[in-house]
Each structure stands twice: as structure tokens, then as C-alpha cells.
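Sequential numbering from 288 applies to the sequence shown in this note's numbering. For each residue, glycine too, the CB sits at the ideal point set by N, CA and C. See below for the structure under consideration.
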Amino acid sequence: MKWEGGVGRKKLQDKFLISPQQATKDLTAYADTCPNNMVYDPRRKTYIPTERFESCFAEGTAAEYLHHLDMISRRHVSVDETWINEIPTFEAVNIPSREIRTDTLETILTAIRNKAGVRGRYVSMASDNTEFRTLFPHALGCDGHRWHVRAFDFENARYSDFVLSRLMEVELTKVLDRELPEDTSWNTHITVILRPDPSLPAAKAQQLQLEYNMEGGQLHLSVRQAMLFYYLRNFGFDPRKVKDEVMRNESSYLLTIENIEEIEKCIGRRG
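In C-alpha cells:
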């Protein structure tokens, strides 16, 4: 109702494939539950939201509405599976999803659940290595575009991220007979402090503060150290670009990092 300007019996019938009698009952029940939300407009023969309208069964936020459009664009849900009745014309940039084998994910989830290891061939883009590796996974992560598994790399004796679409021929191995070292990087949370680029005019800086809901001109993000690299990239930074041994503090979103020295120490680059 809030987003479409009104709701009537016919709209409910068509949307939910219910009888006229059931639609009438549903409207009556809603009016009883949220008495200040709608009034009947005899000219339009429909119920319209009042000025005192407050969402009762949904958040009623712009983010929620746009999330539904995003889910539709990605074909995760159909239009009939959302509460939106009149879909506006829209277009969304969708990056083709990376193919992840169902049996690979099932094996990884089983290993995490049972604290077991897996043996599989990993195609690395950072090297020519395509050898089999023994991994002990404990978590999944997403960088905004692709899913990876966080696992202890037995051959290299360290925790790393492995892109799920690059894992092949994965099989369960035996449970390790000793405790693995703690994944300190995964368990450590650090705070990234973002603020508008100081070179921006005051009006533009204020606009960014509003967009990111900053307090005191800053946005504080608590992130896992292991996910820091991905967070920085998603906020328009390039952790690979270094100036004077510190990541260049420039974002394509016109942001800067207040605690850049601390963040640089936490990125964890490998030589």
C-alpha cells in the first residue's frame, strides 16, 4: 500500500489468487490491526494510505523495497513471490555468477559441520599451481562478487581464502587428530573509520555524511581482519596501490580512511 498508493479487493484477489470474500476479510482484519493506516476512497474504489501510515508487517524502508527489486533482477525470486504488485521499469547491473558445483558446496559444508578436512584440486590465479591440497574449512565468506571458503591450508600451514568455483574434485578426508592453530585473522575484528575526502567542498562532504549515516563526520565499520581487503575494495579503495609503503588513501567513492596507518598494518599482504 505504501509504495503503490492504495490497495483494493480486486488487487488482493489477483495477487494472491483468493476469493472476493477472503479479500474483504483480509482488508477488514488489516484495518482492525492497523486502524490509522488506510481510509476508503469512494472515487477510486480503493483503500489509500493516510498521512499517519506506519508499516505494520514490513519495515517499510527504501532499502527493503529496493532489496526486493534486486532479488527479482537476480532471479532469486519471481514477481509473484514478493509483496510488490506493480513493478516499476528498472534495470540492475548483474555480474554473471561463478559456477559452484553443488557437490563441492555440500562437501565443504559437511567438513565444516564435522570439523573434518577435504582434499581437492585448486586452480590458483595467483600462480600456476593446480595441485591437490588438503584443506580444513571452518567458514564461508563473500567479497560482494564471489564466495570463498576460509580454511587451513595443510601444505602451507596457514589460513587462506579459496574461491569455491575454483575447487575441483573435492572429497572428504579424515578428521585431524590434533588441534589446528587459531585463525587469528578471522577472529580479530578491527574498526575502519571512514570520512568524506577532506578536499571536498563542505556541501558535498555533508551530503556524503547523510548518505552513509555518519556520526560526527565519520563512519565506523567493525570488520573481520580476514575480510578487510574485500571491504576496502567495496568502498572504492585499491589495497594494491601503495604510496610511501602505505595504501593510497583514495576512494572512487570520495572517501578517506581516518586510521589509515592502523588499517595498513592489518591488511596482511604476503610478499
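Residues sharing a beta bridge with arginine 482, DSSP: The count along the sequence shown starts at 1 and reaches residue 482 at position 195. Answer is Thr543.
Reduced DSSP secondary structure (H/G/I, E/B, other) of isoleucine 282: With the chain covering only 288 through 558, there is no way to say anything about residue 282.
Phenylalanine 423 vs arginine 406 beta-carbon contact at 8 Å: Reading the sequence shown from its first residue, position 136 is the one you call residue 423. Reading the sequence shown from its first residue, position 119 is the one you call residue 406. Result no, Cβ atoms of phenylalanine 423 and arginine 406 do not sit closer than 8 Å.
Cβ shell of threonine 523 (< 7 Å), same chain only, five flanking positions each side left out: One-based indexing of the sequence shown puts residue 523 at position 236. The question names threonine, but residue 523 is glycine in the sequence shown. Taken in chain order, the residues that qualify are Ser538, Ser539, Tyr540, Leu542.
Distance CB(leucine 515)-CB(leucine 481) smaller than 8 Å: The residue given as residue 515 occupies position 228 in the sequence shown. The residue given as residue 481 occupies position 194 in the sequence shown. No, the Cβ-Cβ distance between leucine 515 and leucine 481 is not below 8 Å.
Expected contact under 8 Å - CB spacing of valine 479 and valine 510 to nearest Å: In the sequence shown, counting from the first residue as 1, residue 479 sits at position 192. In the sequence shown, counting from the first residue as 1, residue 510 sits at position 223. Rounded, the Cβ-Cβ distance is 6 Å, consistent with contact.
Cβ neighbour criterion (16 or more within 10 Å) applied to isoleucine 544: As a working mapping, residue 544 is identified with position 257 in the sequence shown. That one is buried.
Limits of the unbroken alpha helix (DSSP H) element including arginine 296: Here residue 296 corresponds to residue number 9 of the sequence shown, with the count starting at 1. Run containing arginine 296: 296 to 303, per the alpha helix (DSSP H) assignment.
Proximal residues to glutamine 512 (C-beta, below 6 Å), its chain only, five neighbours per side dropped: Indexing the sequence shown from 1 puts residue 512 at position 225. Answer for glutamine 512: Ser472, Thr475, Ile477, Cys553, listed in chain order.
Cβ neighbour criterion (16 or more within 10 Å) applied to threonine 389: The residue you call residue 389 lines up with position 102 of the sequence shown. Under this definition threonine 389 is an exposed residue.
Own chain, CB closer than 7 Å to glycine 347, minus 5 neighbours either side, in chain order: Against the sequence shown, residue 347 aligns to sequence position 60. Contacts found: Lys289.
For lysine 402, three-class secondary structure by DSSP: Here residue 402 refers to the residue found at position 115 when the sequence shown is read from its first residue. Lysine 402 falls in the coil class under three-state DSSP.
Within 8 Å, strictly: CB atoms of glutamate 456 and arginine 408: Taking the first residue of the sequence shown as position 1, residue 456 is located at position 169. Taking the first residue of the sequence shown as position 1, residue 408 is located at position 121. Yes, these two residues count as a Cβ contact at 8 Å.
Bridge partner(s) assigned by DSSP for alanine 426: Start at 1 with the first residue of the sequence shown, and residue 426 comes out as number 139. The partner list for alanine 426 (beta bridge, DSSP) reads Arg437.
Assigned exposure category for valine 294 - 16 Cβ within 10 Å defines buried: Stepping through the sequence shown from its first residue, residue 294 is reached at position 7. The residue in question, valine 294, is buried, as its Cβ has 16 or more Cβ neighbours within 10 Å.
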